[in-house]
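Everything on this sheet refers to the single structure shown next.
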Amino acid sequence: MEKLLRNKAALALFVLPAFIIYCAIVLIPILVSSWYSLLKWDGVGKSVFNGLQNFVELFARNTDGFWTTVKNSGILAALSVFIQLPLAMLIALTLAWGVRGEQFFRKVYFLPVIISTVVICQLWVQIYNLDYGLLNGLLRAVGLKSWAQPWLSQPRTALPAVFLPIVWQYVGYHMLLYYTAIKSLPEEIFDSARIDGANFAQTAIRITIPLIRAMIRVSLIFAIVGSFKLFDHVYIMTYGGPMQATEVPSTLMYKTIFRKYAYGYGSGMSVFIILECFLFTLIVQRGLRSREG
Amino acid sequence: MKKMIIGLLLVLLSLGLVWAQGKKVTINVWHIWPDASAEASYIDFNQALDDFKKLNPNVTVNVDSTTNDLYKPKIQTALSANEAPDVFFTFGSAFSKPFVDAGKIAVLDPYMDAAYKSKLLAGTTAFFTYNGKLYGLPLGMHTAWLYCNRELYQKYGIKYPKTFDELIDVVKAFKSKGVVPFAMGNKERWPIILFYETLAVKYAGAKTIQAQVQSNKLNDPAYLKAAKDIRRLVDAGAFRPDVLGVSMFAEGFQVFKDGQVPMMYHGSWMTQPMEADDAATKGKIDVLRFPMVTDKSAKGGEFDTWGGSFSCFSVSAKSKILKEAVEFAKYITFQQNKYAYINGTNLPCYRVDVSPDQVKSEINKQVIKLMDKSTSFTIGWDLMLEQKNAQEYMDNITKLLGGALTPEQFVATLPK
Numbered sequence: 008m009e010k011l012l013r014n015k016a017a018l019a020l021f022v023l024p025a026f027i028i029y030c031a032i033v034l035i036p037i038l039v040s041s042w043y044s045l046l047k048w049d050g051v052g053k054s055v056f057n058g059l060q061n062f063v064e065l066f067a068r069n070t071d072g073f074w075t076t077v078k079n080s081g082i083l084a085a086l087s088v089f090i091q092l093p094l095a096m097l098i099a100l101t102l103a104w105g106v107r108g109e110q111f112f113r114k115v116y117f118l119p120v121i122i123s124t125v126v127i128c129q130l131w132v133q134i135y136n137l138d139y140g141l142l143n144g145l146l147r148a149v150g151l152k153s154w155a156q157p158w159l160s161q162p163r164t165a166l167p168a169v170f171l172p173i174v175w176q177y178v179g180y181h182m183l184l185y186y187t188a189i190k191s192l193p194e195e196i197f198d199s200a201r202i203d204g205a206n207f208a209q210t211a212i213r214i215t216i217p218l219i220r221a222m223i224r225v226s227l228i229f230a231i232v233g234s235f236k237l238f239d240h241v242y243i244m245t246y247g248g249p250m251q252a253t254e255v256p257s258t259l260m261y262k263t264i265f266r267k268y269a270y271g272y273g274s275g276m277s278v279f280i281i282l283e284c285f286l287f288t289l290i291v292q293r294g295l296r297s298r299e300g
Numbered sequence: 151m152k153k154m155i156i157g158l159l160l161v162l163l164s165l166g167l168v169w170a171q172g173k174k175v176t177i178n179v180w181h182i183w184p185d186a187s188a189e190a191s192y193i194d195f196n197q198a199l200d201d202f203k204k205l206n207p208n209v210t211v212n213v214d215s216t217t218n219d220l221y222k223p224k225i226q227t228a229l230s231a232n233e234a235p236d237v238f239f240t241f242g243s244a245f246s247k248p249f250v251d252a253g254k255i256a257v258l259d260p261y262m263d264a265a266y267k268s269k270l271l272a273g274t275t276a277f278f279t280y281n282g283k284l285y286g287l288p289l290g291m292h293t294a295w296l297y298c299n300r301e302l303y304q305k306y307g308i309k310y311p312k313t314f315d316e317l318i319d320v321v322k323a324f325k326s327k328g329v330v331p332f333a334m335g336n337k338e339r340w341p342i343i344l345f346y347e348t349l350a351v352k353y354a355g356a357k358t359i360q361a362q363v364q365s366n367k368l369n370d371p372a373y374l375k376a377a378k379d380i381r382r383l384v385d386a387g388a389f390r391p392d393v394l395g396v397s398m399f400a401e402g403f404q405v406f407k408d409g410q411v412p413m414m415y416h417g418s419w420m421t422q423p424m425e426a427d428d429a430a431t432k433g434k435i436d437v438l439r440f441p442m443v444t445d446k447s448a449k450g451g452e453f454d455t456w457g458g459s460f461s462c463f464s465v466s467a468k469s470k471i472l473k474e475a476v477e478f479a480k481y482i483t484f485q486q487n488k489y490a491y492i493n494g495t496n497l498p499c500y501r502v503d504v505s506p507d508q509v510k511s512e513i514n515k516q517v518i519k520l521m522d523k524s525t526s527f528t529i530g531w532d533l534m535l536e537q538k539n540a541q542e543y544m545d546n547i548t549k550l551l552g553g554a555l556t557p558e559q560f561v562a563t564l565p566k
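In C-alpha cells, the structure reads:
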C-alpha cells in the first residue's frame, strides 16, 4: 500500500476521475461563463464579441439596480456573520458544555436545515400573511394592532422579512459544525479547565473558540459565500419584489438571462458573483491565518 | 461463453423484431399544466391526449410538465442546447422570436393541408407567424373580463359600473363597507398590466397601441392617462394593502372564489375554478366588459378587448420524427381547443363543431356573447415588446401600483 502511494503515476491515475468531474462541472463552466460575459448574445442566435462593454454597463452605466442587489446580499452576509454565527456558537457551546436533552436539542436545531427550502419559505409566507398570519395574529393578540402589517408586501419590511428565515434556517447548520468541532477536542482539556475552576465563559473564550478556529473559518466562508449566492428563498418568497426591494444578484442575473434574453450581460453578473465569493474566501482565510501565527 | 453468445444473439434477434415492426414511435411533449387543481388546461390536454392514444396505439407519448414560471427558462435552455422535446408549449411574438431566428422551431406550412387550414379561425395564428411562415398552432383565445359577484353587489345595494368614473364610485362604495373591491395579487408583476393596457387601448385605440408596442415606441398621450387611472384605482382603495406581495394565483384569487371580494378583472384562464363545486361564486358570476373611459377624445371603444391567441404548440426543428410530431401537434391542438371550449377553459381558435348548448360553463356562455361584440383584441404587451423592455415595463408598472413612481415618472420609463 505504502509503495503504491509513493508511486506518483498511480496517485495521478486515482485522482484523475475526480479531477475530470471537477473540471467538467466547476472549472469549465466558470471559464465558459467568463467567455460569454464578453459577448453580446441573446442565448440562442448569433453572438457578437463585445469586449468589456457588458462590464462597463454593469459597473459604470448601470440602470437595472445591480448595486442595490449587491448591497442587499452584503446586508445578508453581515447578518449571517454578526447574528447567525454568534447565535450558532452560543448554542453549540451550551450543548457541548452539557445540558439535559443534549441530543434532543441538537436535532431540533438542525431540523430546519434538512427541511426543503420551498417548504420553509411557504411556511414563512404564511407566518407573514396580513390577515391570518401567525406574526400579525400575535401582534394583535398582545395589543399591538397598529404594528400588524403586510410584511412581505412593503419595500421597507420585505428585506428583513426575507432574511430572517434564512438566518434562522441555517443557525442549526453552523451550530452542528461548531458542535462536532468541539466534540472532537480531547476531553482532558475541559476536565483540567474545570479542575482549575474555569467557568463556562472562560472555557469558551480562552479554550474552546481558539481551538476550533479552523472550523470557524470554514463556517465564515460558508456563511458569506452562501449570502452572496442566495437565490431560492428570494425567488420563492417575493420573486425579488415588492418593487425590486428584495432583489439579490442571483435573482437579477436569472431575470436578465432568462427573461430579458441578455445572456452576455447576465454572464457578466455571474462572473462578478464568482469573483466576489473568491475574494471574500481569500480575505477570511488570510485574516484568520495571520492571527494563528 | 457459449451461453453468452446465444444470449447475445437472442437479444439482437428481439431487437431486430422490434425494428421490423417499425411503427413504434415515441413523441416527447412538454407543457405548462402540471396539476388539475391549478390549471384548467390540464384536463383539456389530457382528454385530447386520451383521444390520440386510442387512435394511435403504437405511438408512445411522454409528457413532461412544469409550472409556467419555471417552464420558461427550461424550454429556452433546451431549445438553445438542441435538446428540446419534439412538441412543446410556447408563447408567440417576442418570446419565441430568438428561437425562430436561430432555426430551432420547425416551419409548419409544408404540413398544413387545406382541410386543416380551413378549420383555423382567421387571425388566431398572427403571433406564431414570422416572415409569413407558421411556427405554432394556437391553443385558445384568452381574453380578460370584469367578473362580478352578483350576490355581493346585491347585498350592498350597488349597481354595476358602466363607465370608469362609475367604477371608481363602486370601488369607493365597497371600500366604505369594509370590503376589498378587487381580487388582485401582483407578486408576479403582470396582473396589473391587464388593467393598464385595457385602459390605454380605450384611450388611444387598438391600432395605435398595437403598432406602437410592437415597434417598441410608446409615445401616445394615452399612456399617461391610463397611468393616472391606475393611480385613481389605487387611491380609491381598489386593491388589498398587501397586493404587491400576494400571488394572483393563490390568495389573490382565493378571496374571490370564497365570495369575500366582489370583482376581478383577469384572464379567462381563471374562470373554471369560479364554477367549481367548492366555489362560493358558483352560479353567481356576471361577466362584464371593462368600463369605458369618459374622456371625449378617446379613440377606443367599450368592446376593445384585452387578450387573443398567444400560446401554442410548436415542433422542434431538430426532432428526429418531425412528420409524426407535427401530425401529433395538429391533432392534439385541435382536440384541446374543442375540450377547452366545452369545459369552459377558454374559447377556441378552430371551428370545433361544438354547439353552444354543449358548453358546460355558464361564464363561458356569457364570454362568448361578449366576444361576439368585441371590436378588437390586443394581447399582453409583455409578449409584444422586446423581452428586455417587457421586463422593465413590468418592474416599472409595479412601482406605479406601489406608489414608488408617479404616472409621469412611469411614462418616462416606457421605451420611446
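Residue numbers (our numbering), protein chains in the order written: chain A, 8 to 300; chain B, 151 to 566. We put the beta carbon where it would ideally sit given N, CA and C, even for glycine. The structure displayed is predicted, hence computed values, not measured ones.
When the options are compared against residue i, the one with the closest alpha-carbon
i: A467(B); options: G409(B), D436(B) and P260(B); result: P260(B)
i: Q60(A); options: I134(A), W74(A) and W48(A); result: W48(A)
i: A211(A); options: P249(A), G233(A) and Y186(A); result: Y186(A)
i: S230(B); options: S511(B), V250(B) and K283(B); result: V250(B)
i: S365(B); options: M534(B), T563(B) and N206(B); result: M534(B)
i: K305(B); options: L550(B), G282(B) and V411(B); result: V411(B)
i: K375(B); options: L550(B), D503(B) and S469(B); result: L550(B)
i: L45(A); options: I32(A), L65(A), K114(A) and E194(A); result: L65(A)
i: F111(A); options: V33(A), G179(A) and R293(A); result: G179(A)
i: P311(B); options: T444(B), K519(B), L555(B) and P288(B); result: T444(B)
Backbone CA spacing between residue i and residue j [nearest angstrom]
i: I35(A); j: I28(A); result: 10 Å
i: P557(B); j: W340(B); result: 17 Å
i: R224(A); j: F463(B); result: 52 Å
i: L141(A); j: A155(A); result: 10 Å
i: P119(A); j: I435(B); result: 44 Å
i: Q171(B); j: T210(B); result: In this predicted model, Q171(B) has a pLDDT of only 49, less than 50, meaning its place in the structure is not dependable; the value taken from the coordinates is given anyway. Approximately 14 Å, taken between the alpha carbons.
i: G387(B); j: F560(B); result: 20 Å
i: W169(B); j: V175(B); result: Any answer about W169(B) is weak, because its pLDDT of 48 lies below 50 and its placement is not dependable; what the coordinates show is given next. One C-alpha to the other measures close to 11 Å.
i: I219(A); j: A188(A); result: 6 Å
i: Y246(A); j: F235(A); result: 17 Å
i: V106(A); j: L92(A); result: 20 Å
i: V360(A); j: T263(A); result: Because chain A is modelled from 8 through 300, residue 360(A) falls outside the range shown and cannot be assessed.
i: Y543(B); j: D532(B); result: 8 Å
i: A426(B); j: A448(B); result: 39 Å
i: S160(A); j: V241(A); result: 13 Å
i: L20(A); j: T216(B); result: 42 Å
i: F389(B); j: A400(B); result: 15 Å
Beta carbon proximity, residue i to chain C, threshold 7 Å
i: G144(A); result: Protein chains in the displayed structure are A and B, and chain C is not among them.
Proximal residues of chain A, C-beta to C-beta of residue i below 7 Å
i: V257(B); result: Within 7 Å Cβ-Cβ: nothing; V257(B) doesn't reach chain A, min ~17 Å.
i: V329(B); result: Those within 7 Å of V329(B) in chain A number zero; the least Cβ separation is about 14 Å.
Interface residues of chain A facing residue i [CB-CB closer than 9 Å]
i: T548(B); result: G248, P249, M250 and Q251
Three-way DSSP call (helix, strand, coil) for residue i in this model
i: A426(B); result: coil
i: A294(B); result: strand
i: V351(B); result: helix
i: C499(B); result: coil
i: T210(A); result: helix
i: K449(B); result: coil
i: S234(A); result: helix
i: V437(B); result: strand
Where the beta strand (DSSP E) containing residue i begins and where it ends
i: V330(B); result: It is not in any beta strand (DSSP E) - V330(B) carries neither H nor E in the DSSP assignment.
i: N178(B); result: V175 to H181
i: F239(B); result: V237 to F241
i: M413(B); result: M413 to G417
i: S215(B); result: V209 to S215
i: S526(B); result: S526 to T528
i: D118(B); result: Given a span of 151 to 566 for chain B in the structure shown, any question on residue 118(B) remains unanswerable.
Contact list for residue i against chain B, beta-carbon separation under 8 Å
i: G52(A); result: P248, D251 and A252
Per-residue contacts from residue i into chain A (C-beta, under 8 Å)
i: A554(B); result: P162 and M250
i: R339(B); result: Y246 and G248
i: S230(B); result: G50 and V51
Start and end residues, alpha helix (DSSP H) containing residue i
i: T124(A); result: T124 to I134
i: F265(A); result: Where F265(A) is concerned, there is no enclosing alpha helix (DSSP H), given that its DSSP letter is neither H nor E.
Interface partners of residue i on chain B, CB under 7 Å
i: F265(A); result: K222, P223 and Q226
Contact set between residue i and chain B, taken where Cβ atoms lie within less than 9 Å
i: P119(A); result: Those within 9 Å of P119(A) in chain B number zero; the least Cβ separation is about 22 Å.
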